Each structure stands twice: as structure tokens, then as C-alpha cells.
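Notes follow the structure.
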Amino acid sequence: MIVIIIIGMSLVTMIPRIIPAFVVEKLQFKPWVNRWLGAIPYAALGALIFPGILWVVPNEPIIGIIGGLVAIILASLGLNVVFAVIGAITTVFLLTM
Amino acid sequence: MEKNAASGGEQSQSFHMIQRGIITGFPIMLGYLPVAITYGVLAKQAGMTLLEIGLMSLMVYAGAAQFMAVNMIAVGTGVVEIVIATFVLNFRHFVMSLSFMNQLRGIALKWRLPLGLGLTDESFAVSAMNPDEGKKENGVLFYAMIFLIAYLSWVAGSILGGILGEVIPDNLSQSMGIALYAMFIGLLVPSVKKNLKVGLIAILSMLINALCIQIGFSAGWAIVFGTVIGGMSGIILLKEDER
Chain L
1 MIVIIIIGMS LVTMIPRIIP AFVVEKLQFK PWVNRWLGAI PYAALGALIF
51 PGILWVVPNE PIIGIIGGLV AIILASLGLN VVFAVIGAIT TVFLLTM
Chain D
1 MEKNAASGGE QSQSFHMIQR GIITGFPIML GYLPVAITYG VLAKQAGMTL
51 LEIGLMSLMV YAGAAQFMAV NMIAVGTGVV EIVIATFVLN FRHFVMSLSF
101 MNQLRGIALK WRLPLGLGLT DESFAVSAMN PDEGKKENGV LFYAMIFLIA
151 YLSWVAGSIL GGILGEVIPD NLSQSMGIAL YAMFIGLLVP SVKKNLKVGL
201 IAILSMLINA LCIQIGFSAG WAIVFGTVIG GMSGIILLKE DER
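Chains as they are written, first to last, in the UniProt record's numbering: chain L, 1 to 97; chain D, 1 to 243.
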């Protein structure tokens with residue numbers, strides 16, 4: 001039964017991921033569409049960060065916010081992403097001790 | 001002689017791209033391992049076998065959907081409901097793939113296909129923040145390494161979690177939960193520093209996402225709408241930046 005679930009999940013995940021690989025070749029986008037698609041990564045990052053970050057620790061949104069602020073500060077200093085990640089993990093760990 | 005020199009140059013160029021890909025992809029590994037281990041632990045507790053745990057990561061390869069499926073399996077939800085919920089939750093990857101494939105124009109289909117299959121929030125975000133590599137010679141190797149590291153970390157972590165069972169203390173795994181968010185922030189901040197309008201696009205998308213959730217949309221659709229509508233602001237905001 002679980003194998004059937006896995007196959008079904010795999011298909012509905014795979015198909016939307018690969019259709020653009022075939023489609024893009026055949027289409028020539030207008031400049032405004034290209035700008036839209038060019039903005040998608042930043043929009044996606046925004047939507048992936050918030051409000052999800054509030055729920056890192058259940059019922060304690062402030063901890064997620066503080067962890068996020070630490071990541072913002074470390075990244076603003078020009079440090080590699082790895083340090084933002086480690087800094088945020090450490091912050092949340094200390095706050096939940 | 002000349003031919004040798006040329007192929008030597010190409011080799012070191014390939015090597016350079018592979019190396020850069022590994023370095024750039026490393027934060028994904030850092031973020032994926034703890035999350036994948038947690039998935040493995042929970043899936044084990046839900047009664048899945050090690051083979052099923054590994055197979056799901058190999059074939060579905062979508063973190064949030066796998067967590068959701070494990071929960072649904074644990075409470076005995078039917079196949080159709082799980083599959084539909086997965087489709088909704090993962091449909092955002094269609095939007096991301098469209099953007100990424102547009103960035104990869106000029107790269108052969110035989111490369112774009114596996115890159116499409118391996119597209120996750122994280123591999124997409126990291127790759128999209130490094131658009132220049134796609135135009136360089138052998139740049140596809142750079143992306144391939146990012147995607148490979150992410151995939152292997154996810155699969156290996158899942159199986160590890162399934163084997164280990166409950167070993168990670170609660171507050172440690174909670175702390176690890178911020179890793180991917182911190183990575184997204186770490187990716188976004190340098191772009192915002194270069195161009196403040198990019199930050200505006202992200203904030204708009206955050207607000208639309210939050211609003212959609214507030215009015216009762218599922219997380220999957222909320223992210224899709226946040227991304228698509230938030231991204232629309234780029235049509236106007238990014239106008240002057242085009243060269």
C-alpha cells in the first residue's frame with residue numbers, strides 16, 4: 001500500500017517539475033514575462049521564509065524571529081551562508097535550552 | 001599539442017565548476033541532513049520499513065510533502081487524498097522550474113531534465129542566486145553538483161534517520177529546524193544589498209503568502225500565490241534594471 005502511495009506522490013511531484021524543461025525551449029517569452037520569471041526566485045524566497053519561520057518552535061514565534069534576525073545580521077556582514085545557518089541554529093538552541 | 005592544451009584547459013574548467021558547485025551546495029547539506037534524519041525517525045515511528053523510507057526519499061524527494069505523507073499514513077489516510085495533497089503542496093515547483101529553466105536556456109535538454117527532476121525549494125534557491133554560472137562554459141556542472149549534493153544528503157539522511165530511530169534530543173532537532181530558513185535568508189540578503197527592489201518583491205510575496213494562509217488557503221497554494229503574485233511586482237520593479 002505504501003509503495004502505491006510513493007509512486008503516486010512521485011508522479012504528481014515529478015511531472016510539474018519537468019514540464020518546464022520541455023516547454024521553455026519552444027517558447028520565446030516577451031520581456032515582461034522574462035522579468036516576471038526573473039523575479040520568481042526572490043518572491044519564492046520570501047514566501048518560503050515567512051510566515052513559516054514563525055513556527056520553527058511551536059507556539060513561540062518570537063524564537064523563529066530572533067533566529068531569523070541573527071541570520072540577517074550575519075548575512076549582512078558578508079559572511080557565507082553556512083555561518084548564517086550555524087548562527088541561527090545556535091541561537092535557537094540557546095533560546096530553547 | 002594545441003589540442004592537448006585545449007582539453008587540459010577544459011578539464012581544469014570542469015574541475016573548477018565541480019569544486020564551486022560543491023562549495024555552493026554545502027549549506028543545503030547542512031540544512032537537509034537534520035531534516036532528513038527527522039523524517040526518517042518519524043517515518044519509522046509511523047510504521048514504514050527502511051526500504052519504504054528510502055524509496056520515498058529517492059522517488060518523491062520533497063521534504064514537506066514527505067512529512068505530510070508520514071503524518072497521513074500514521075493516521076490511516078487514503079492513497080488518493082495523500083497524492084492530491086502532495087500535488088497541491090509541490091505545485092510551487094512548477095513555478096520555480098519555469099523560472100529556472102528560463103535561466104538555463106542554452107543548456108541541453110539531457111541536462112535540464114535531471115535538473116528539473118531534482119528541483120527543490122533549496123536547490124532552486126541556491127542555483128537561482130547564482131545565475132552567472134549558467135552562461136559560463138561547463139556551468140551546468142556547477143548546478144549538477146549542487147543538485148547532486150542536495151539529493152544525496154536527503155536520501156542518506158532519511159535512511160540514517162530510519163536506522164537510528166529516536167536519538168536526537170527534541171530541542172536540538174527544533175534548533176535544526178531553523179537551518180533552511182536561515183539558508184533562505186542568507187541567500188536573499190546579498191541580493192537585497194545589491195538591489196533593494198528585490199527585497200520589496202520578497203516582502204510583498206511574504207505578505208501575500210501570510211494573507212492567503214490567514215484566509216484559509218493550504219500552505220501549498222499560499223506559497224504558489226505568494227510566489228506568482230509577489231513575482232508579478234518584478235514586471236514593474238525590475239524594468240529599469242534591464243540592460
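Where is the CB? At the ideal position from N, CA and C, for every residue including glycine.
Treat the numbers as computed from the prediction; the structure is a model and nothing was measured.
Within chain D, no residue has its CB atom less than 8 Å from the CB of N59 of chain L, the nearest being about 12 Å off. The Cβ of P190 of chain D sits closer than 8 Å to at least one Cβ of chain L. Excluding five sequence positions before and after N59 of chain L, none of the CB atoms of its chain fall closer than 8 Å to its own CB.
In this structure, the straight-line span from the alpha carbon of G9 of chain D to that of E137 of chain D is close to 11 Å. Approximately 15 Å separates the beta-carbon atoms of S175 of chain D and Y32 of chain D; this is outside 8 Å, ruling out the contact. The Cβ neighbour count for R105 of chain D, taken over all protein chains shown within 10 Å, is under 16; the residue is labelled exposed.
Closest option to F91 of chain D, judged by alpha-carbon separation, among D:L238, D:E133, D:A64, D:R20: D:A64.
Across the set D:W221, D:V189, D:I163, the C-alpha of D:W221 shows the shortest separation from the C-alpha of L89 of chain D.
Scanning its chain for C-beta atoms nearer than 6 Å, with the 5 sequence neighbours on each side dropped, one finds around Y151 of chain D the residues G118, in chain order. In chain order, S97, L113, G116, L117 make up the part of chain D whose C-beta sits under 8 Å from the C-beta of I18 of chain L.
Distance check between I229 of chain D and each of L:V92, L:V57, L:R35, L:A88 places L:R35 closest, using alpha-carbon atoms only.
It is roughly 17 Å from the alpha-carbon of K193 of chain D to the alpha-carbon of E240 of chain D.
Between L55 of chain D and I159 of chain D, the CB-CB gap reaches or exceeds 8 Å.
In the three-state DSSP reduction, I185 of chain D falls in the helix class (H, G or I). L55 of chain D belongs to the set of residues whose beta carbon lies under 8 Å from a beta carbon in chain L. The stretch 71-82 of chain L makes contact with the stretch 184-191 of chain D; the number of CB pairs closer than 8 Å reaches 3 or more.
Per the C-alpha coordinates, the member of L:G64, L:V92, L:A44, L:Q28 positioned closest to S123 of chain D is L:A44. A residue is called buried once 16 or more other Cβ atoms fall within 10 Å of its Cβ, and P16 of chain L is buried on that count.
When only Cα atoms are considered, F142 of chain D and A125 of chain D end up about 14 Å apart. Minimum Cα-Cα distance from V12 of chain L among the listed residues D:I235, D:F94, D:I22 corresponds to D:F94.
Going by DSSP, F22 of chain L is part of the alpha helix (DSSP H) stretching over 2-26. With contacts defined by Cβ atoms closer than 8 Å, M29 of chain D and I149 of chain D form a contacting pair. Taking the C-beta atoms as reference points, C212 of chain D is found no nearer than 8 Å to G234 of chain D. From the listed residues L:G64, L:V82, L:A21, L:K30, the smallest Cα separation to I49 of chain L is found for L:G64. V41 of chain D and W32 of chain L have their alpha carbons spaced roughly 46 Å apart. As the crow flies, the alpha-carbon of L172 of chain D is around 16 Å from that of Y181 of chain D. If you draw a 10 Å sphere on the C-beta of L238 of chain D, you find 16 or more other C-beta atoms in it, and that means buried. A distance below 8 Å separates the beta carbons of I6 of chain L and E52 of chain D. Just so you know, the alpha carbons of G38 of chain L and G47 of chain D end up roughly 43 Å apart.
Here the alpha carbons of V80 of chain D and Q103 of chain D stand approximately 34 Å from one another. The beta carbon of P34 of chain D sits closer than 7 Å to the beta carbons of S173, M176, A179 from its chain, once the five residues preceding and following it are set aside; these are given in chain order.
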